[in-house]
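What follows is a set of notes on a single structure, which appears directly below.
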Amino acid sequence: MLENVKFKLISFQNKAQAEIAVRDLQALVAHPGWKFLVEKVIDLNIRMLRRDLENDESLSKEENDIKKRDLRFLRNLKRIPEFQIDVLLGKNPVLEEYDPYFTDIKDLEREIGATVVSVQAPEEKKGS
41 MLENVKFKLI
51 SFQNKAQAEI
61 AVRDLQALVA
71 HPGWKFLVEK
81 VIDLNIRMLR
91 RDLENDESLS
101 KEENDIKKRD
111 LRFLRNLKRI
121 PEFQIDVLLG
131 KNPVLEEYDP
141 YFTDIKDLER
151 EIGATVVSVQ
161 APEEKKGS
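Residues in the sequence shown are numbered from 41 upward in steps of one, following the working numbering.
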């Protein structure tokens with residue numbers, strides 16, 4: 041079974057910064073450009089991947105697994121603002137301690153002035 045897609049998101053120690061970020065993300069999700077990107081571009085790619093998975097019997101197991109991974113990634117990509125808002129509001133994301141492949145995490149945190157957290161996206165419900 042494929043693992044869930046993992047995201048790097050930001051957590052602020054400063055409550056005012058977190059409130060501004062939540063407000064900005066809510067405005068982003070309401071913006072026509074975001075809606076176009078999600079409802080047209082990403083959803084089109086999701087439909088195409090689903091079609092391939094449902095109808096293309098010539099796919100190898102590896103190709104099938106890659107398409108499933110891509111499908112899960114795109115479904116979760118649409119929800120990044122939601123995941124980030126949840127982190128900023130202190131809702132219960134599933135966190136990892138540390139990504140061993142990202143060695144300069146502290147430098148990145150200093151650069152952006154925030155804490156980087158890893159969030160594992162929840163499993164998608166069938167039919168989403």
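From the three backbone atoms N, C-alpha and C, an ideal C-beta is built for every residue, glycine too.
In terms of residues, what are the limits of the alpha helix (DSSP H) holding residue i?
i	result
Gly130	No alpha helix (DSSP H) holds Gly130; DSSP gives it neither H nor E.
Ile106	101-117
Val207	The question about residue 207 has no answer, for the chain in this structure spans 41 to 168.
Leu169	Residue 169 cannot be examined here, being either before or after the span of the chain that is shown, 41 to 168.
With a cut-off of 8 angstroms on the beta carbons, I'd call residue i and residue j a contact; round off their distance for me.
i	j	result
Lys108	Leu84	Not really, about 18 angstroms apart at Cβ, beyond 8 angstroms.
Leu117	Val62	Not confirmed; about 19 angstroms, so no contact.
Val81	Pro121	Not really, about 16 angstroms apart at Cβ, beyond 8 angstroms.
Leu77	Leu111	Between Leu111 and Leu77 the Cβ distance is about 17 angstroms, and since that is not below 8 angstroms, they are no contact.
Gln53	Thr155	7 angstroms
Ile86	Arg119	The pair is not a contact, with the Cβ atoms about 12 angstroms apart (cut-off 8 angstroms).
With C-beta atoms as the reference, is residue i less than 8 angstroms away from residue j?
i	j	result
Ile60	Gln124	no
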